[in-house]
Amino acid sequence: MPRTKTTIVLLLIAFVLLGTGGCGLLNRGGAARPAERPLAVAYSIADERRDGNQVIKRLVQERAGTDERVRITWRDAEGDARRQEKDVEQFIEQKVDAVVIQFVEPQMGPGIVRRLAMNRIRVVALETFAPDAPLDAYVASEQVRAGEHQARFVVRNLPAGAPGRVLVLGGDPTDPISRNIIEGFTAFMEGQPGFAVELREHPQGDPGRAAASVHEALATGPLGAVLAVDSRMAVSAVEVLRQRGLLNEVMTVGVGADRTAAEALVAGDHDAEVDVRPDLLAQFSYDAAVGLARDGHWAYETQITSGDYTVPARMVPVRLVQGNNTFLLREYYGDLTRGGGQQGGKERQGGGGQGQGQQGGGQQQGQQQGQQQQQPMTKLMIKTQDGKTVEIDVPGEIKSIEAQRQGGQQGGQNGGQGGGQGGGS
């Protein structure tokens, strides 16, 4: 009996040791290790109504959908700074690993960043920078370069003889993005002869106030171009010019390339937009947040010194989109034609004298021109017997042409032949 009891005890000890060792081996091999908690990344966006932010949301969620190691929480502040603060408090309670934040009010940014950092949450600032704050990362488009693109486009493309007066529609005076775009535009325009720049800023970047600024500027004289730091204000300017029949007389350039502005480009009502690349903003902000949450590292390209802090940053290159390369925006929005319309471009009417006369003309004339601009234009070229060529722009499509001359049937036949050639061209 004693030997039997000893054998049983030894077998039990061996079983326990084998079980413990086996579990250890399984854990080291990874096969039986409990699943790790997914990384919790939260996005706090200033206003999801912006088309660019909708693109960012879609691409971030698509990316996270293919990565089981990441869980995304998305919050829209709807332009309310207090709401954004409450969202941040919820992130802290949820113990997220990283927060990507687009500040509604940048001046409140440093306090929010410190609150998150005190709770050991990594912070990525998206587009709007928080000065003198312990940011882990900053991802933004090249805002100064956007202003340079606008200025270069105006200098290169404003027709000779057109008014050199340029109206700049700025955003809120406290908005750093607006200031950076204006800085880039102003620096490029310095020393450019023949241009007079007028800046008007608008609290909260209100498109309605921007439209009023365009009306007021036109009341004091003709404009050569209207530039806006935001696509919504650019579209407001386009609508004002449409009402006055001046779409082909005043150049318009915006920043942001939202859907409405892109459709105006395709329709030929708008000249250019600076695309701030929401696709790359989504990609780089996601990579930064996940990398910081996982091991504290991410692939930044430069550093920004602000107060007591040096912040790793990555700047997204911007690009100018005109009527001839709007296909670049299809990735964001798909088909951009309005009601099956055709892609077109703005055709300006010659020199500045004619433009000034039309800008100063009455409302009835503006409405007539506006109605004509809604129709496709046909260029008619007429050659006379003495070798002269006459070009006429005709609204709409030409069905037939008839030439009449006193005492001659031949004139009608020549006219019919001319109509066939004109239709072919």
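So for the sequence shown, UniProt numbering puts the first residue at 1; every next one is plus one. For glycine and all other residues, C-beta sits at the position ideal for the given N, C-alpha and C. Small disclaimer: the values here were computed from a predicted structure and weren't measured.
With 16 other Cβ atoms within 10 Å as the buried cut-off, status of residue i
i	result
Leu199	exposed
Met118	exposed
His297	exposed
Gln143	buried
Arg120	exposed
His202	buried
Phe327	exposed
Ala187	exposed
Gln150	buried
Val154	buried
Ala196	exposed
Arg37	exposed
Ile182	buried
Ala219	exposed
Asn325	exposed
Gly221	exposed
Pro173	exposed
Gln102	buried
Glu68	exposed
Reduced DSSP category for residue i - H, G, I as helix; E, B as strand; rest coil
i	result
Val155	helix
Ile121	coil
Arg69	coil
Pro312	strand
Gln373	Here Gln373 scores only 43 on pLDDT, less than 50, and its place in the model should not be relied on; the value that follows carries that caveat. Reduced to three states, the DSSP call for Gln373 is helix.
Ala133	coil
residue 443	Absent from the model: residue 443. The displayed extent of the chain is 1 to 425, so no value can be given.
Val276	coil
Arg244	coil
Gln322	strand
Asp76	strand
residue 464	The shown model of the chain, from 1 to 425, leaves out residue 464, and the question about it has no answer.
Thr305	strand
Glu201	strand
Val266	helix
Gly109	helix
Gly254	strand
Ala211	helix
Ala219	helix
Residue j beta carbon less than 8 Å from that of residue i
i	j	result
Val316	Ser178	no
Ala77	Asp47	yes
Leu241	Val250	yes
Tyr300	Leu135	no
Thr302	Ala289	no
Arg232	Pro207	yes
Ile112	Val88	yes
Leu59	Ile92	no
Arg75	Ser44	yes
Tyr138	Val318	no
Gly191	Asp230	no
Gly224	Gly268	no
Gly184	Glu148	yes
Ala293	Asp97	yes
Supposed contact pair residue j and residue i - C-beta distance, whole angstroms, cut 8 Å
i	j	result
Ala146	Val274	4 Å
Ala262	Leu169	In fact, because the Cβ distance is near 18 Å, the residues do not count as touching under 8 Å.
Val100	Val41	7 Å
Arg217	His270	Correcting the residue type first, residue 217 is Ala in the shown sequence and not Arg. Rounded, the Cβ-Cβ distance is 18 Å, inconsistent with contact.
Can at least three beta-carbon pairs, one atom from the segment 255-270 and one from the segment 151-166, be found at a separation below 8 Å?
no
Contact between the segment 102-113 and the segment 124-132: three or more CB pairs below 8 Å?
yes
The segment 55-62 / the segment 273-282 touching (three or more Cβ pairs under 8 Å)
yes
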